[in-house]
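**Q** Take a look at this one; I'll ask things after.
Chains as they are written, first to last, in full-length UniProt numbering: chain C, 1 to 269; chain F, 1 to 150.
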């Protein structure tokens, strides 16, 4: 992820120094008028205490971590996201990708907040009153297979052909059958996703159709929506949930920090 | 079904489990969000390799064989009426059931998480951490992998 710079964390150990090599883990940036961070624990073990490092009109959510300890346990991921989502429920927040660490609080100001102050402010203003919502739907395998077999005569006859026969002897048929199923799911995914987006239009500002991360994915969409629209999003999804009962497991996550709607300018180093 | 409309945060994060399972979180925070350009290098526990590429579903022969086997199993597990049943069930259904299923989903995520969290740190280096597994997947002989990169 990202570019690497010369590590400042790996200064040779000096026997007289403190054992811990502390650094500042950065979760995200918020408007400076946020009085205190949400009451969630930071990551690391033991969990770091989250605080705000302010500069001008913005502030960074940070916690101390031991830079010598690797990050990336499940608890670390969850702590990162929980803090940001709890924040997003209150104020606009620019979420950072997991794993962003700078040397210390001074560096947070000097390297992050100060040079990017104006662009961060502009982005935060744009996000005012909005949050991300993720809609995830997963096909119920039996149901979607039954649909495809019912809709596709070739698939059904291939299924008959492999029935009770060992895989070694029916490999070609199986591959062809799997291919039809795979294409069938893909087509259904596109169709169902579009249907959902059409039906929700007007209730969101922007939407990103995410790549499927599971082969049974039916819908995987991130939306930036006004938090005031949450009720209507829920109502519409409830309706879809009822319509797709037994066919698609549908979930709405949010309000979340707008992970899918902030981008980093990649030009200068 | 599962209208699992779960307002995750809304200030009540403390008592309730977050609606985001670990898999959701990983889909989100590893390859999205702003990137700090002046950062201290902190090692990540073997996770980063799996992030962007590995989570994209790529259809492969392996996938096809798995689907075919699922279709085959469907056939063996159900009589012909059974299949019709499945089709019939795709329409209609009760709210209770939906609720049950939602809870099921949440429980499963919670269990998974607990299981992962309880593992010693070293175990986190196993790539399996980021791989979502279907609980109902029968322990077939396919290489331990519902690994999505196929």
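Even glycine gets a Cβ: it sits at the ideal position worked out from N, Cα and C. Model, not experiment: these values are computed from the prediction.
Alpha carbon to alpha carbon, what distance is there between residue 75 of chain C and residue 27 of chain C?
**A** 15 Å
**Q** Within 10 Å of its beta-carbon, does residue 191 of chain C have 16 or more other beta-carbons around it, so buried, or fewer, so exposed?
**A** exposed
**Q** Return no unless some Cβ of chain F is closer than 8 Å to the Cβ of residue 55 of chain C.
**A** no
**Q** Closest by CA to residue 128 of chain C, which one among C/69, C/41 and C/92?
**A** Taking only the C-alpha atoms, the option nearest residue 128 of chain C is C/92.
**Q** Please list, in chain order, all residues of the same chain as residue 109 of chain F whose beta carbon is under 6 Å from its beta carbon, the five residues on each side excluded.
**A** Low confidence applies to residue 109 of chain F: its pLDDT is 44, below 50, so where it sits in the model is not reliable, and the reading given next is rough at best. Answer for residue 109 of chain F: 21, listed in chain order.
**Q** Any idea which residues DSSP pairs residue 58 of chain C with across the strands?
**A** C/31 and C/55
**Q** If we ignore side chains and look at the alpha-carbon of each, how far apart do residue 104 of chain F and residue 245 of chain C end up?
**A** Bear in mind that a pLDDT of 41 at residue 104 of chain F, under 50, signals an unreliable position, so the model cannot answer this.
**Q** Measure the C-alpha to C-alpha separation of residue 34 of chain F and residue 183 of chain C and round it to an integer number of angstroms.
**A** 34 Å
**Q** Where residue 57 of chain C and residue 122 of chain C are concerned, what is the direct C-alpha to C-alpha distance, given to the nearest angstrom?
**A** 11 Å
**Q** Less than 8 Å between the beta carbons of residue 259 of chain C and residue 38 of chain C, yes or no?
**A** Using a Cβ distance threshold of 8 Å, residue 259 of chain C and residue 38 of chain C do not count as a contacting pair.
**Q** What number of angstroms, rounded off, separates the C-alpha of residue 249 of chain C from the C-alpha of residue 185 of chain C?
**A** 15 Å
**Q** Determine which residues of the stretch 177 to 210 of chain C have a Cβ less than 7 Å from any Cβ of chain F, and write them out in chain order.
**A** 177, 178, 179, 181 and 182
**Q** Note down, in chain order, all residues in the stretch 94 to 105 of chain C with a beta-carbon under 7 Å from any beta-carbon belonging to chain F.
**A** 94, 95, 96, 97, 98, 99, 100, 101, 102 and 103
**Q** Using 8 Å as the limit for Cβ to Cβ distance, is residue 74 of chain C near chain F?
**A** yes
**Q** Thinking C-beta only, is residue 180 of chain C closer than 8 Å to residue 170 of chain C?
**A** With a cutoff of 8 Å on beta-carbon distance, residue 170 of chain C and residue 180 of chain C are scored as not near each other.
**Q** Threshold first: 3 residues or longer. Then list the beta strand (DSSP E) segments lying entirely within the stretch 110 to 163 of chain C, N to C.
**A** 130 to 139
**Q** Please confirm if residue 58 of chain C has its CB atom under 8 Å from at least one CB of chain F.
**A** no
**Q** DSSP on residue 64 of chain F, reduced to helix/strand/coil?
**A** Note: residue 64 of chain F maps to helix in three-state DSSP.
**Q** List, in chain order, every chain F residue whose beta-carbon is nearer than 7 Å to that of residue 26 of chain C.
**A** Within chain F, the C-beta atoms nearer than 7 Å to that of residue 26 of chain C come from 36, in chain order.
**Q** Since residue 30 of chain F contacts residue 145 of chain C with CB under 8 Å, what's their CB separation in whole angstroms?
**A** Residue 30 of chain F to residue 145 of chain C, Cβ: 31 Å. No contact.
**Q** Less than 6 Å between C-beta atoms, sequence neighbours within five positions excluded: which residues of the same chain meet that for residue 135 of chain C?
**A** 219, 221 and 252
**Q** Taking residue 259 of chain C as the query, report the chain F residues whose CB atoms sit under 8 Å from its CB, ordered along the chain.
**A** 28, 29, 32 and 33
**Q** In terms of alpha-carbon separation, which member of C/59, C/152, C/66 and C/35 lies closest to residue 42 of chain C?
**A** C/66
**Q** Taking the continuous beta strand (DSSP E) assigned at residue 76 of chain C, which residues delimit it?
**A** Taken as a continuous stretch (DSSP letters only), residue 76 of chain C belongs to no beta strand (DSSP E), being part of the alpha helix (DSSP H) at 74 to 88.
**Q** My understanding is that residue 254 of chain C touches residue 133 of chain C, with C-beta atoms under 8 Å, so please give their C-beta distance in whole angstroms.
**A** 3 Å
**Q** Can you give the beta carbon distance from residue 240 of chain C to residue 196 of chain C, rounded, assuming they're within the 8 Å contact cut?
**A** Distance from residue 240 of chain C to residue 196 of chain C at the Cβ level is roughly 6 Å; contact confirmed, criterion being Cβ atoms closer than 8 Å.
**Q** Just to confirm before moving on: does the CB-CB distance between residue 105 of chain C and residue 140 of chain C stay below 8 Å?
**A** Taking 8 Å as the cut-off, the Cβ atoms of residue 105 of chain C and residue 140 of chain C do not count as close.
**Q** Residues of chain D with CB closer than 8 Å to the CB of residue 175 of chain C, please, in chain order.
**A** The structure shown contains no chain D; its protein chains are C and F.
**Q** If I follow the unbroken alpha helix (DSSP H) through residue 24 of chain F, where does it start and stop?
**A** 22 to 29
**Q** Does the Cβ of residue 263 of chain C have 16 or more other Cβ atoms within 10 Å, making it buried, or fewer, making it exposed?
**A** exposed
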